[in-house]
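Notes for the one structure printed next.
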Amino acid sequence: NAGVMQNPRHLVRRRGQEARLRCSPMKGHSHVYWYRQLPEEGLKFMVYLQKENIIDESGMPKERFSAEFPKEGPSILRIQQVVRGDSAAYFCASSQTGKGGYTFGSGTRLTVV
Amino acid sequence: RKEVEQDPGPFNVPEGATVAFNCTYSNSASQSFFWYRQDCRKEPKLLMSVYSSGNEDGRFTAQLNRASQYISLLIRDSKLSDSATYLCVAHNNNDMRFGAGTRLTVKP
């Protein structure tokens, strides 16, 4: 079992570009969660998805950010028109039951220059 | 008010010491609780679940007090390899909410 796979590990974007972060959950897991971690800060919940559905997006910024988890393929976190403040580590986690004890991927470190 | 609050530390302790971390949560509807460990620039990893009856895993003991909405982690006989940030987590219906973490450094 390859675990939760995130790519890319590191992503550099210029201000105004788009960033796409991908997450493949563990085999058999249908619940996916995205978290953001700023330097020296804790994990902030962004969005919770199940296959083809957004369950809770209360942590997503209202503009520029979107997430999907299609029937086939990985979950995608998309950030449009990136700004320097978007620079952070973005972690994806998956769960089989949605009841906690998530497994995290290694994260994508986004740097906006 | 943050949903999960922790003392950020840092806690600097010698090898062999006993150290305790505390955490409070604000959502009384939270259903389950966990401690995660995060090493520098790595992903969080599940350390242990937390139950009202208390649970122990080797040198680690976790405790939950629902009435006070309080969670604790005790580490006995600290090792150098215990140096990390410890994250307190409360799970509600949809997702887990993380504390900002408590940093522990164990020194020789």
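From first to last, the protein sequence lines stand for chains A and B.
Take the position in the first sequence, starting the count at 1, then add 134; the result is the number in the working numbering.
Take the position in the second sequence, starting the count at 1, then add 4; the result is the number in the working numbering.
We put the CB at the ideal spot given by N, CA and C, even for glycine.
Note that the structure is predicted; figures quoted are calculated from it, not measured.
- A Cβ-Cβ contact shorter than 9 Å links P208 of chain A with S158 of chain A.
- Judged by DSSP in its simplified three-state form, S85 of chain B adopts helix.
- Around Y182 of chain A, the beta-carbon contacts reaching into chain B at under 8 Å are N98 and D99.
- Residues of chain B whose Cβ lies closer than 8 Å to the Cβ of E175 of chain A are, in chain order, A104.
- Bridge pairing for I213 of chain A: A:A153 and A:F199 [DSSP].
- Only Q42, R45, K46, E47, P48, K49, L50 and S53 from the stretch 41-74 of chain B bring a Cβ to less than 9 Å from some Cβ of chain A.
- Secondary-structure assignment with DSSP links T231 of chain A through no beta bridge to anything.
- Using a Cβ-Cβ cut-off of 8 Å, S32 of chain B is close to nothing in chain A; its nearest Cβ partner there is about 17 Å away.
- Residues of chain B with a Cβ closer than 8 Å to the Cβ of S240 of chain A are, in chain order, K46 and E47.
- Shown here for H163 of chain A: same chain residues with a beta carbon closer than 7 Å to its own, the five before and five after excluded, namely S228, S229 and Q230 in chain order.
- Assignment of R147 of chain A by DSSP, reduced to helix, strand and coil, places it in the strand class.
- Taking 9 Å as the CB threshold, L91 of chain B lines the interface with chain A.
- Interface with chain B (9 Å Cβ-Cβ cutoff): D220 of chain A is excluded.
- Contact residues of the stretch 188-200 of chain A toward chain B are I189 and D190 (C-beta to C-beta distance below 7 Å).
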